[in-house]
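Asker: If you use our numbering, the sequence shown corresponds to residues 13 to 301, in order.
Provided herewith is a single structure, encoded as structure tokens, for subsequent inquiry.
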Amino acid sequence: MAGQKARPFKDKQEQGSSKRAADAQGHSDNTGVEGTHSFYQTFKITTFKNQKVLEHPDNPSGVVFGNDIFYRDGKGAPAATISIYNISEQADPKEDVDLRDKGSYQFSSRLDISNMTDIEAPTVKAGSFDSRSAIEGRADVVSLKGTEFVQIRAGGARYNSRGKKINAPGEIHIVSIGQGKAQPVVLGKNFIQFAKSLTERVEDLTSTLQKMHTEILSLKAALVTHIHISAFPVSPSPDLLAGIVAGSVNDCVTMCNTFAETSNNIFGKMNHLEPASKKYLLSKTVKVN
Numbered sequence: 013m014a015g016q017k018a019r020p021f022k023d024k025q026e027q028g029s030s031k032r033a034a035d036a037q038g039h040s041d042n043t044g045v046e047g048t049h050s051f052y053q054t055f056k057i058t059t060f061k062n063q064k065v066l067e068h069p070d071n072p073s074g075v076v077f078g079n080d081i082f083y084r085d086g087k088g089a090p091a092a093t094i095s096i097y098n099i100s101e102q103a104d105p106k107e108d109v110d111l112r113d114k115g116s117y118q119f120s121s122r123l124d125i126s127n128m129t130d131i132e133a134p135t136v137k138a139g140s141f142d143s144r145s146a147i148e149g150r151a152d153v154v155s156l157k158g159t160e161f162v163q164i165r166a167g168g169a170r171y172n173s174r175g176k177k178i179n180a181p182g183e184i185h186i187v188s189i190g191q192g193k194a195q196p197v198v199l200g201k202n203f204i205q206f207a208k209s210l211t212e213r214v215e216d217l218t219s220t221l222q223k224m225h226t227e228i229l230s231l232k233a234a235l236v237t238h239i240h241i242s243a244f245p246v247s248p249s250p251d252l253l254a255g256i257v258a259g260s261v262n263d264c265v266t267m268c269n270t271f272a273e274t275s276n277n278i279f280g281k282m283n284h285l286e287p288a289s290k291k292y293l294l295s296k297t298v299k300v301n
């Protein structure tokens, strides 16, 4: 506002925190400013360097703008990084497991995410991921929600953040640790096309089997009724007649099976390979390429 001296962002935040002190309450049931978040820096983001800018006194959480000394660029300068974290538990001195920093989100111009790629799911990309910019999220449970749409994309750029040309296509790996090696997902439409071709082949084989069985039945009927011309009274061969009559039951079963298989092929294709069916094999809301 004209005529007034601009006040630092810190002062404005502390003033707002004091006004809300009566309504604020920390985890330890103490009413006061400690129940709200406190800012320690000015609003000029360019001044942040290895400093914590936000922290809650009872449940430590914060945002850090800093330089990661473990990962450096080609000139030896530390990688710029932004960390958003929440510490729900402190380390237990009796245990070897450090529970700190188990809810975090880190943006870095150069970060080693090899711990994010399971040894059971080796990547086909050449080189190490520690030479690239990365975003790493870590928590016990992660939920990604989109009111209307969620999209996970990989690829589409010619060069990475280090200026190196990208020669391999983008990849997406979804891995569950300890469940064996990761395998490629099935492409739905290609699978449906292949399944339809298999169904058509089964239908052709079933039709051929029906024709062959019909011809065999005709041959059997001809053999049963066949009588040689003779000057004396003749009759069909008793042995041949007995064998054909005994196999008539199996002939009926075979005919029923072939008709049933024809119906199964038709209804199976309608139930699982057609988009209008409720049992359609492909998802209508989840897609991959």
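Backbone N, C-alpha and C define an ideal beta-carbon position, used for all residues, glycine too.
Could you check what DSSP says for GLU215 in three-state terms: helix, strand or coil?
Answerer: Note: GLU215 maps to helix in three-state DSSP.
Asker: Within 10 Å of its beta-carbon, does THR93 have 16 or more other beta-carbons around it, so buried, or fewer, so exposed?
Answerer: Result: buried.
Asker: Mapping DSSP to helix, strand and coil, what is THR159?
Answerer: Here THR159 sits in coil by DSSP.
Asker: Got a sec: is the Cβ-Cβ distance from HIS284 to anything in chain C below 8 Å?
Answerer: In the structure shown, chain C does not exist; there is a single protein chain.
Asker: Go ahead and pull the three-state DSSP assignment for THR274.
Answerer: Of the three classes helix, strand and coil, the one that applies to THR274 here is helix, per DSSP.
Asker: I need the straight-line Cα distance from MET267 to HIS225, nearest angstrom please.
Answerer: So the two alpha carbons sit approximately 8 Å from each other.
Asker: In chain order, what residues of the same chain have a beta carbon less than 6 Å from the beta carbon of LYS56, not counting five sequence neighbours either side?
Answerer: With a pLDDT of 38 at LYS56, under the threshold of 50, the modelled position of this residue cannot be trusted; read the value that follows with caution. Same-chain partners within the cutoff: there are none.
Asker: Who are the Cβ neighbours of VAL136 in its own chain at under 6 Å, not counting the five residues just before and after it?
Answerer: Caution is warranted here: a pLDDT of 39 is assigned to VAL136, below 50, making its placement in the model unreliable, and the coordinate value is therefore given only provisionally. Nothing meets the Cβ criterion.
Asker: By the three-class DSSP mapping on this structure, what secondary structure does GLN205 have?
Answerer: In the structure shown, GLN205 sits in a helix (DSSP, three-state: H, G or I).
Asker: Measure from the alpha carbon of ARG173 to the alpha carbon of each residue in HIS284, SER209, ALA91, then state which is nearest.
Answerer: A small fix is needed here, since residue 173 is Ser in this sequence, not Arg. It is ALA91 whose Cα lies nearest to the Cα of SER173.
Asker: Using the three-state DSSP reduction, which class does SER116 fall into: helix, strand or coil?
Answerer: Reduced to three states, the DSSP call for SER116 is strand.
Asker: Under three-state DSSP, which class holds GLU286?
Answerer: GLU286 falls in the coil class under three-state DSSP.
Asker: Between LYS290 and the rest of its own chain, which residues show a CB-CB distance below 8 Å, the 5 nearest in sequence each way excluded?
Answerer: Answer for LYS290: no residue qualifies.
Asker: Would ILE178 and ALA169 qualify as a contact pair, given that the criterion is a beta-carbon distance under 8 Å?
Answerer: Yes; because the gap between Cβ atoms is below 8 Å, this pair is in contact.
Asker: Quick one: measure Cβ to Cβ for THR218 and GLY280, integer angstroms, because I've assumed they're closer than 8 Å.
Answerer: Not confirmed; about 12 Å, so no contact.
Asker: DSSP has THR93 in a bridge; who is on the other side?
Answerer: According to DSSP, which records beta bridges pairwise, THR93 is partnered with GLY78, SER120.
Asker: With DSSP collapsed to three states, give me the class of ASN301.
Answerer: In the structure shown, ASN301 sits in coil (DSSP, three-state: anything other than H, G, I, E or B).
Asker: Taking just the CA atoms, how far does VAL214 sit from PRO196?
Answerer: Straight-line Cα distance between these residues: approximately 27 Å.
Asker: Does DSSP put GLY149 in a helix, a strand or coil?
Answerer: Three-state DSSP puts GLY149 in a strand.
Asker: Where does THR48 fall in DSSP's three states?
Answerer: Bear in mind that the predicted position of THR48 carries a pLDDT of just 36, short of 50, making it unreliable; the figure below should be weighed with that in mind. Three-state result, THR48: coil.
Asker: Do the CB positions of SER145 and SER116 come within less than 8 Å of each other?
Answerer: No, the pair does not count as a contact, with Cβ atoms beyond the cut-off.
Asker: Measuring straight from C-alpha to C-alpha, what distance separates VAL76 and TYR171?
Answerer: Going from the Cα of VAL76 to the Cα of TYR171 covers about 28 Å.
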